[in-house]
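Trainee: According to the numbering used here, the sequence shown is numbered sequentially starting from 47.
Just so it is clear, CB atoms sit at the ideal spot from N, CA and C, and this is done for glycine as well.
Predicted model, so just to flag it, every value in this text is computed and none were measured.
Got a structure for you, written out below as structure tokens; questions coming shortly.
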Amino acid sequence: MAKAEKTFTVEQIGSPIRRDASQRQTLIGLGLNKIRRQSTLQDTPAARGMVEKVKHLVRVVDAK
Numbered sequence: 047m048a049k050a051e052k053t054f055t056v057e058q059i060g061s062p063i064r065r066d067a068s069q070r071q072t073l074i075g076l077g078l079n080k081i082r083r084q085s086t087l088q089d090t091p092a093a094r095g096m097v098e099k100v101k102h103l104v105r106v107v108d109a110k
């Protein structure tokens, strides 16, 4: 039996306009590109690092 993967959901709450291109690319990497879009991600150090980089543009909605 496979171990259940931990996931969390993030929602974009801010616009990437007038932000560094790297922040825009990070949002795209998270599966977000418009305000109020949500994306469910695997709980990995890489995903957490991406969320930390754009923490002023996203919020964690649900962590399981």
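So, at 6 angstroms on beta carbons, what are the nonlocal neighbours of A109 in its own chain, with the 5 sequence-adjacent residues on each side left out?
Mentor: Taken in chain order, the residues that qualify are F54.
Trainee: Taking the alpha carbon of E51 as the reference point, which residue from D89, G77, Q58, L76 has its own alpha carbon closest?
Mentor: Of the candidates D89, G77, Q58, L76, the one whose C-alpha sits nearest the C-alpha of E51 is D89.
Trainee: Quick check: V100 and Q69, are their CB atoms within less than 8 angstroms of each other?
Mentor: Closer than 8 angstroms, so yes.
Trainee: Where does the unbroken alpha helix (DSSP H) through R105 begin, and where does it stop?
Mentor: No alpha helix (DSSP H) holds R105; the beta strand (DSSP E) holding it covers 104-109.
Trainee: Are G60 and H102 touching if we call contact CB-CB under 8 angstroms?
Mentor: Yes.
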